[in-house]
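**Q**
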Ligand SMILES: [Cu+2]
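Residue numbers (my numbering): 14 to 349.
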C-alpha cells in the first residue's frame with residue numbers, strides 16, 4: 014500500500030475509535046464503569062487503577078519497541094547494527110519490575126474479591142433466592158412469602174444477599190451498575206451481594222450462554238424507598254383474588270382448561286412450577302426474561318405463539334382463539 018493510503022487507514026481507524034469512545038456516555042443502562050451501588054463501586058475502584066497501570070505499561074513497552082526499532086535499525090545494506098548480548102542490569106530490571114507491578118495488582122485484586130465475597134449479614138440485610146431458568150429469572154423472598162419473576166425488587170441503601178442456583182443449565186447473574194457477574198449453577202449455591210444507592214430501575218442480563226433465547230434472558234432490579242419496599246412485599250405476599258364472573262371469570266376457567274395452571278402458580282388457585290409465578294403479574298413492568306413490556310398488546314402476541322416471539326421458549330403454542338386470548342388476558346389483568 015502506498016504511504017498516503019496507509020496514513021488514510023490509520024486516520025480512519027483513529028477517528029472510528031474516537032467515535033466509539035463517544036458512545037460511552039452515562040445513558041448506557043448496562044455500563045459497568047458507571048456504578049450506582051457500593052458493590053459495583055468497589056469493582057470500579059479496582060478496574061480504574063488497574064487500567065491506568067496497564068495503560069502505562071502498554072505505552073512504555075510499545076514506546077521502547079518503536080524506539081529500539083527506529084534507533085537501532087540497519088541504515089544501509091553494508092552496515093550491520095551493533096550486536097549486543099546479555100545485559101544483567103536490564104534483564105533483572107524487566108523481570109523484577111513487572112513482578113512488582115503484578116504483586117501490587119494482585120494484592121488489590123485479591124483484597125477486592127475477598128471483600129465483595131464476604132456474606133452480607135445483619136438485621137437490615139434482605140435475603141433473596143435467585144433461580145435461573147431457560148430463559149427467565151425466578152426470585153423468592155424467604156420468610157416473606159413472595160415469589161416473582163424477572164424483576165428483583167429491593168430496598169435502596171440496604172445490602173441484598175442473593176443465593177443463586179439454577180433449575181437447568183449454567184446461567185450468570187449480572188446487574189452491571191449494582192454488582193459484578195456470578196455463575197448460576199444447577200446443584201450448587203453461589204452467593205453475591207447487591208446494593209443500590211438510590212431508588213430506580215437497573216438493567217441486567219444473563220451473561221453465560223444458556224441456549225437459544227439467552228439474549229432474551231434479561232432482568233431488572235427495581236430499588237424502592239424503604240416504605241415502598243415494605244408496601245411492595247405486602248402486596249406481593251397476598252393471595253390472588255379469583256374472579257367468578259364476566260370475561261375475567263371465563264378467563265380463570267380457561268386458565269385451568271388450557272393447562273396454564275399446570276405450569277404456572279397463582280397463589281390460592283394453581284400450583285404449576287415450570288413457568289413464572291403469575292400471582293401478581295401486574296406488579297411487573299416486563300415479562301418473559303424482561304424481553305417484553307407488560308401490556309395488553311404484548312400479552313396477546315405472546316399468548317398467540319410464545320416460541321415465535323421468544324425462540325425455544327418452554328411455553329408452547331397452545332393454539333388459542335382470539336376470543337380465548339381476550340378472556341385469558343381479562344383474567345391476567347386481575348392478578349394485581
Ligand atoms: Cu444465558
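Heads up, the beta-carbon is just placed ideally off N, CA and C, and yes, glycines get one too.
Under the three-state reduction of DSSP, which class applies to residue 145: helix, strand or coil?
**A** In the chain shown, the residue the question calls residue 145 occupies position 132. Residue state, collapsed to three classes: strand.
**Q** What distance in whole Å lies between the Cβ atoms of residue 252 and residue 265, which are believed to be in contact at a cut-off of 8 Å?
**A** Working through the chain shown from its first residue, we reach residue 265 at position 252. Working through the chain shown from its first residue, we reach residue 252 at position 239. That pair is no contact at about 14 Å.
**Q** What is the DSSP secondary structure of residue 51, reduced to helix, strand or coil?
**A** Translated into positions along the chain shown, residue 51 becomes position 38. Three-state DSSP puts residue 51 in a helix.
**Q** Please report the straight-line C-alpha distance between residue 306 and residue 298, rounded to a whole angstrom.
**A** For this step, residue 306 is matched to residue 293 along the chain shown. For this step, residue 298 is matched to residue 285 along the chain shown. Rounded to whole angstroms, residue 306 to residue 298 spans 6 Å at the Cα level.
**Q** Shorter than 6 Å, the distance from the beta carbon of residue 98 to the closest heavy atom of ligand 1, or not?
**A** As a first step, residue 98 is located in the chain shown; it is residue number 85 there, counting from the start. It does not: the Cβ of residue 98 is nowhere closer than 6 Å to a heavy atom of ligand 1.
**Q** Since residue 263 and residue 340 should fall inside the 8 Å C-beta cutoff, what is the C-beta to C-beta distance between them, to a whole number of angstroms?
**A** The residue you call residue 263 lines up with position 250 of the chain shown. The residue you call residue 340 lines up with position 327 of the chain shown. Going by Cβ atoms, the distance from residue 263 to residue 340 rounds to 5 Å, so yes, they are a contact pair.
**Q** For residue 98, is the classification buried or exposed, using 16 other Cβ atoms within 10 angstroms of its Cβ as the cut-off for buried?
**A** Along the chain shown, one-based indexing puts residue 98 at 85. With fewer than 16 Cβ atoms within 10 Å of its Cβ, residue 98 is classed as exposed.
**Q** Of all the alpha helix (DSSP H) runs that stay within the bounds of the stretch 55-138, which reach a length of 4 or more residues?
**A** The stretch 55-138 contains these whole alpha helix (DSSP H) runs: 101-130.
**Q** Comparing the CB of residue 221 with every heavy atom of ligand 1, is any distance shorter than 6 Å?
**A** On the chain shown, residue 221 is found 208 positions in, with the first residue counted as 1. Correct: residue 221 has its Cβ closer than 6 Å to ligand 1.
**Q** I want to know whether the stretch 214-223 touches the stretch 183-198 - three or more CB-CB distances under 8 Å.
**A** Segments in contact, yes.
**Q** For residue 14 and residue 26, what's the separation of their Cα atoms in angstroms?
**A** Numbered from its first residue, the chain shown carries residue 14 at position 1. Numbered from its first residue, the chain shown carries residue 26 at position 13. Note that residue 14 has pLDDT 49, beneath the 50 cutoff, so the model's placement of it is unreliable and no number is given.
**Q** Nearest-angstrom Cα distance between residue 172 and residue 133?
**A** The residue labelled residue 172 in the question sits at position 159 within the chain shown. The residue labelled residue 133 in the question sits at position 120 within the chain shown. Whole-angstrom Cα-Cα distance: 7 Å.
**Q** Taking three-plus beta-carbon pairs below 8 Å as touching, is the stretch 325-334 in contact with the stretch 140-159?
**A** Yes, the stretch 325-334 touches the stretch 140-159.
**Q** What residue from 85, 303 and 73 has the CA that sits closest to residue 233's CA?
**A** The residue you call residue 233 lines up with position 220 of the chain shown. Of the listed residues, the one whose Cα sits closest to residue 233 is 303.
**Q** Give the range of the alpha helix (DSSP H) segment to which residue 196 is assigned.
**A** As a working mapping, residue 196 is identified with position 183 in the chain shown. No alpha helix (DSSP H) contains residue 196, which is instead part of the beta strand (DSSP E) from 195-197.
**Q** Measuring alpha carbon to alpha carbon, tell me which residue in 166, 78 and 119 is nearest residue 358.
**A** Not covered by the structure: residue 358. The range shown for the chain is 14 to 349.
**Q** When we look at the beta-carbon of residue 190 and count the other beta-carbons within 10 Å, is it buried (16 or more) or exposed?
**A** What you label residue 190 is simply residue 177 of the chain shown in a count that begins at 1. Classification of residue 190: buried, given that the 10 Å Cβ count is 16 or more.
**Q** Given a cut-off of 7 Å, decide if residue 52 and residue 174 are closer than it, judged by their beta-carbon atoms.
**A** Taking the chain shown and counting its residues from 1, the one referred to as residue 174 is at position 161. Taking the chain shown and counting its residues from 1, the one referred to as residue 52 is at position 39. No. Outside cutoff.
**Q** How big is the Cα-Cα spacing for residue 123 and residue 277?
**A** The residue given as residue 123 occupies position 110 in the chain shown. The residue given as residue 277 occupies position 264 in the chain shown. Residue 123 and residue 277: Cα-Cα distance of roughly 43 Å.
**Q** Classify residue 28 as helix, strand or coil using the three-state DSSP reduction.
**A** Walking along the chain shown from the start, residue 28 turns up at place 15. Here residue 28 sits in helix by DSSP.
**Q** For residue 223, which three-state DSSP category applies?
**A** For the purposes of this step, residue 223 is taken as the residue at position 210 of the chain shown. It is coil, neither helix nor strand.
**Q** Starting from residue 164, follow the alpha helix (DSSP H) in both directions and report where the run begins and ends.
**A** Here residue 164 refers to the residue found at position 151 when the chain shown is read from its first residue. Counting along the chain, residue 164 falls outside any alpha helix (DSSP H), though it belongs to the beta strand (DSSP E) covering 164-168.
**Q** Assuming contact is defined by CB atoms lying nearer than 7 Å, are residue 235 and residue 157 in contact in what I supplied?
**A** Here the question's residue 235 lines up with position 222 in the chain shown. Here the question's residue 157 lines up with position 144 in the chain shown. Their beta carbons are not under 7 Å apart, which means residue 235 does not touch residue 157 by this criterion.
**Q** Just list the residues that DSSP pairs residue 161 with in beta bridges.
**A** Looking up residue 161 in the chain shown gives position 148. In DSSP, residue 161 forms a bridge with 152.
**Q** The beta strand (DSSP E) spanning residue 340 covers which residue range?
**A** Counted from its first residue, the chain shown places residue 340 at position 327. Counting along the chain, residue 340 falls outside any beta strand (DSSP E), though it belongs to the alpha helix (DSSP H) covering 335-345.
**Q** List the endpoints of the continuous alpha helix (DSSP H) containing residue 261.
**A** Numbered from its first residue, the chain shown carries residue 261 at position 248. Here the alpha helix (DSSP H) through residue 261 covers 259-270.
**Q** Which residues in the same chain have their Cβ closer than 7 Å to the Cβ of residue 249, if we skip the five residues on either side of it in sequence?
**A** Within the chain shown, numbered from 1, the residue matching residue 249 stands at position 236. Closer than 7 Å at the Cβ level, and outside the excluded window around residue 249, lie 159, 161, 293 and 296.
**Q** Taking all protein chains shown into account, do 16 or more other C-beta atoms lie within 10 angstroms of the C-beta of residue 214, making it buried, or fewer, making it exposed?
**A** On the chain shown, residue 214 is found 201 positions in, with the first residue counted as 1. Looking at its Cβ environment, which holds fewer than 16 other Cβ atoms inside 10 Å, residue 214 is exposed.
**Q** Does the distance between the C-beta of residue 227 and the nearest non-hydrogen atom of ligand 1 fall short of 6 Å?
**A** Position 214 of the chain shown holds residue 227. Result yes, Cβ under 6 Å from ligand 1.
**Q** For residue 228 and residue 87, I'd like the C-alpha separation in whole angstroms.
**A** As a first step, residue 228 must be located in the chain shown, where it is residue number 215. As a first step, residue 87 must be located in the chain shown, where it is residue number 74. Each residue's alpha carbon lies about 54 Å from the other.
**Q** What does DSSP give as the partner residue(s) for residue 186 in the beta ladder?
**A** Residue 186 sits at position 173 when you count from the first residue of the chain shown. In DSSP, residue 186 forms a bridge with 195 and 219.
**Q** Just curious, the alpha helix (DSSP H) that residue 275 is in, first and last residue?
**A** Counted from its first residue, the chain shown places residue 275 at position 262. Counting along the chain, the alpha helix (DSSP H) containing residue 275 begins and ends at 273-276.
**Q** By how many angstroms is the C-alpha of residue 130 removed from the C-alpha of residue 280?
**A** Residue mapping note: residue 280 aligns to position 267 of the chain shown, counting from 1. Residue mapping note: residue 130 aligns to position 117 of the chain shown, counting from 1. Roughly 35 Å between the two C-alpha positions.
**Q** Where does residue 240 sit, in a helix, a strand or coil, going by DSSP?
**A** Your numbering for residue 240 matches position 227 in the chain shown. The answer is helix: DSSP assigns residue 240 an H, G or I state.
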